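Protein chains in written order, with the numbering used here: chain A, 1 to 156; chain B, 1001 to 1404.
Notes follow once the structure below has been shown.
See the structure below:
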């Protein structure tokens, strides 16, 4: 799996309450989550997420298990999230939804083009390739299927 | 020799295992997406080998028609699928699960990050997202990366006004918000024998605030006695020498009352340093500190006095509420001027009932103080029940008195 997009820089320890606040969760209308994604960090971010690669600090997605956080980012058009480390529930949720999450410690420049190739194992930014931590075989299969729903649909 | 996580999951740290899940539960919040996932995966019968349940706690009773409709869908699903349902007023999912008694050695998965709470029973208990839960409900199993474990050595005994919550916030600050990521915490050492099951539930509950998969206690005399009171016989788990990836030591006699200052759970200060900070609201409850012993301790401090600011007390479950009624604890709390909420999560997640206004400050016994969590522009300080009680009486952050 590969892709690219302009970087949107985000801080470390970004919790899922900040990605999508509890006050917006009680609906099945995904457009609500897209409209309010990252609102409590910076309300101006949401419109710029389509096609973007998020480059965040460590421990991205900590806190609540709410899957709406990963859904909101995916539905907003985020291509991938790159961070030195992720909180484990968010990481699993993202893979289960087919949203690439890449463990790599990358210095971030807003708007700079970032490329990634998960099968080849690298992220490219500021004309340099950086190695990434590879996913487990199971996670690669789930991501390749497009998410856990598709993965199980093939198997049941 | 193995860690408890390695023994329960049946693999060495760092390896991946497929494991049958003994109990799998979701709440009214995560249940909605879990149900969507089940349908998307083709539906059909849920796994018969896993005890599956739905417990309503996040917005109880429903705050508007949209929530009510979502909850009704879940009720119908639970009835048709024949799974256990704890409806509004039953209490917080982790608390209700703890009251029915999770068995040592079980694999327990909840669609909520604080499912790690149940590690207090010597179970491997962890949180997953809704889509993972949907697959677990259908297949009865899931994959795990067997975690490395951090040994948390507990020695000594509490002195002064410190309690389990102060210890929990202290260890979270020692490890940091990602010090436990992808790892399990194992609470061991001479000091654990004196920790009640309620204390253990508090300590396991905060494990996820370090990023940990779970926080485990070996089943011992306390666990055996807890289950005996429920009419069940369980065996203690033997501790084997094992390799921990990291170890920290905590002497209970060094623990002092502390507060986690917003917006991070790992940033603590002694209550004494913050004494006098004016508050707008005190909230006592949640899966951290809404148990009967918490309410009883709170009542002892506020009995025959009046709280100086609005104070919301939410019992963690119906059983907690019933016991508080039976013993007079509830009357003491109401007569002190507190407001009582329906058993459940209350305002902790900022979705209803007791959220904060712009610029307001709340002292809460919950486990998260993230920016805007309890309301846009509100700030959350986290403390023990004793600190919350003393502060409710004065209307500002106040050091708890040493219990007599």
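Virtual Cβ for every residue (Gly too), placed ideally from N, Cα, C.
Every value quoted in this text rests on a predicted model; they were computed, and no experiment measured them.
Across the structure, residue 1266 of chain B and residue 1373 of chain B are spaced so that their CA atoms are roughly 16 Å apart. Counted as a single uninterrupted DSSP element, the beta strand (DSSP E) harbouring residue 81 of chain A occupies residues 80-83. The continuous alpha helix (DSSP H) containing residue 1098 of chain B extends over residues 1093-1100. Leaving aside the five residues that flank residue 1273 of chain B on each side, none in its chain has a CB nearer than 8 Å to its CB. For a Cβ distance threshold of 7 Å, nothing in chain B lies close to residue 33 of chain A: the least Cβ distance comes to about 11 Å.
Those residues of the segment 1142-1159 of chain B placed with their C-beta closer than 8 Å to a C-beta in chain A are 1143 and 1145, ordered along the chain. Contact between residue 1036 of chain B and residue 1153 of chain B does not hold, since the beta-carbon distance rounds to 44 Å and is not under 8 Å. Contact check for residue 88 of chain A and residue 1182 of chain B: beta-carbon distance about 6 Å, within the 8 Å limit, so the pair qualifies.
Boundaries for residue 70 of chain A: no beta strand (DSSP E) harbours it, while the alpha helix (DSSP H) harbouring it runs 68-75, taken from the DSSP string.
The three-state reading of DSSP puts residue 1148 of chain B in strand, counting E and B together. Approximately 11 Å separates the beta-carbon atoms of residue 12 of chain A and residue 61 of chain A; this is outside 8 Å, ruling out the contact. The beta-bridge partner set that DSSP reports for residue 115 of chain A consists of A:4 and A:124. Close partners of residue 1332 of chain B in chain A (Cβ separation under 9 Å) are lacking, with about 31 Å as the shortest Cβ gap.
Here residue 1366 of chain B is buried, its C-beta having at least 16 other C-beta atoms within 10 Å.
Per DSSP, residue 1362 of chain B is one residue of the beta strand (DSSP E) stretching across 1361-1364. Using a Cβ-Cβ cut-off of 7 Å, residue 30 of chain A does not count as an interface residue toward chain B, since no Cβ of chain B sits closer than that to its own. In the same chain as residue 1337 of chain B, and ignoring 5 residues on each side of it, the C-beta atoms closer than 6 Å to its own belong to 1306 and 1307, in chain order. If you check each beta-carbon in the segment 1199-1228 of chain B against every beta-carbon of chain A, the ones closer than 7 Å belong to 1211 and 1213.
Interface residue (Cβ-Cβ distance to chain A less than 7 Å): residue 1373 of chain B is classified as such.
About 37 Å separates the beta carbon of residue 1270 of chain B from that of residue 1090 of chain B, a gap too long to meet the 8 Å contact definition. Judged by DSSP secondary structure, residue 1226 of chain B falls outside any beta strand (DSSP E) and instead within the alpha helix (DSSP H) spanning 1221-1229. Chain order gives the chain A residues near residue 1059 of chain B as 26, where near means a beta carbon separation below 8 Å. The Cβ of residue 59 of chain A sits closer than 7 Å to at least one Cβ of chain B.
Residue 90 of chain A sits in a helix when the DSSP states are folded into three classes.
Boundaries of the alpha helix (DSSP H) harbouring residue 1073 of chain B: 1065-1081, taken from the DSSP string. Around residue 1368 of chain B, the beta-carbon contacts reaching into chain A at under 7 Å are 63.
Under DSSP, residue 137 of chain A takes part in no beta bridge, so it has no partner. With a contact defined as Cβ atoms closer than 8 Å, residue 103 of chain A and residue 132 of chain A qualify at about 6 Å. Contact between residue 1387 of chain B and residue 1400 of chain B is confirmed by a C-beta separation of about 5 Å, below the 8 Å threshold. Distance from the CA of residue 1155 of chain B to the CA of residue 1189 of chain B, rounded to the nearest whole angstrom, comes to 6 Å. DSSP places residue 1282 of chain B in the strand class (E or B) of the three-state scheme. Neighbours of residue 120 of chain A in chain B, taken as residues whose beta carbon is under 8 Å from its own, are absent, since the nearest beta carbon is some 22 Å off. The segment 145-152 of chain A makes contact with the segment 93-100 of chain A; the number of CB pairs closer than 8 Å reaches 3 or more. Residue pairing of residue 1052 of chain B in beta bridges, as defined by DSSP: B:1024. With contact defined as three or more Cβ pairs closer than 8 Å, the segment 1096-1113 of chain B and the segment 1021-1029 of chain B are in contact. Counting only the Cα atoms, residue 33 of chain A lies some 21 Å from residue 86 of chain A.
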